[in-house]
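Worksheet: one structure, shown below.
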Amino acid sequence: MALVQCIRCANAGEEIVGPLYLGKLETEIKKSICGACWAEWVKMRVMVINEYQVNLGDESGRALVKEQMLSFLKLPKPQS
Ligand SMILES: [Zn+2]
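Just so you know, this note's numbering puts 770 at position 27 of the sequence shown, and the rest follows in order with no gaps.
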């Protein structure tokens, strides 16, 4: 299995396995974030959705989750 130099935990960790369904961001995340940190985000995501009562059917709800994800993973925000 390939290793990823993770920008969140600063370790070389196992890569993320499986599709993330994140479009353009997916490549960026997979090359910068290890599987362990991604697993942490998956748990955190549930908390974010509960805490902010996010409606994922909603454009603004999805944008909020994405923003939280980028800051949790210490990824730069996309310019667009
Ligand atoms: Zn990591």
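Even for Gly, the Cβ is constructed at its ideal location relative to N, Cα and C.
Open item on the list: The beta strand (DSSP E) that contains Leu746, what's its start and end?
Closed with: Working through the sequence shown from its first residue, we reach residue 746 at position 3. Where Leu746 is concerned, the enclosing beta strand (DSSP E) stretches over 746–748.
- [ ] Using alpha carbons as the reference points, say which of Ala782, Lys767, Gln748 lies closest to Val760.
- [x] Translated into positions along the sequence shown, residue 760 becomes position 17. It is Ala782 whose Cα lies nearest to the Cα of Val760.
Task: beta-carbon Ile776 near ligand 1 non-hydrogen atom, thresh 7 Å - done: For the purposes of this step, residue 776 is taken as the residue at position 33 of the sequence shown. Indeed, a heavy atom of ligand 1 lies less than 7 Å from the Cβ.
Task: Other residues of its chain near Leu813: CB distance less than 6 Å, five sequence neighbours each side excluded - done: Residue numbering aside, residue 813 sits at position 70 when the sequence shown is read from its first letter. If we look at Leu813 and ignore the five residues flanking it on each side, its Cβ neighbours are Lys820.
TODO: Count the other C-beta atoms from every protein chain shown that fall within 10 angstroms of the C-beta of Cys752, then say buried if there are 16 or more, exposed otherwise.
DONE: Residue numbering aside, residue 752 sits at position 9 when the sequence shown is read from its first letter. Its Cβ having fewer than 16 others within 10 Å, Cys752 is exposed.
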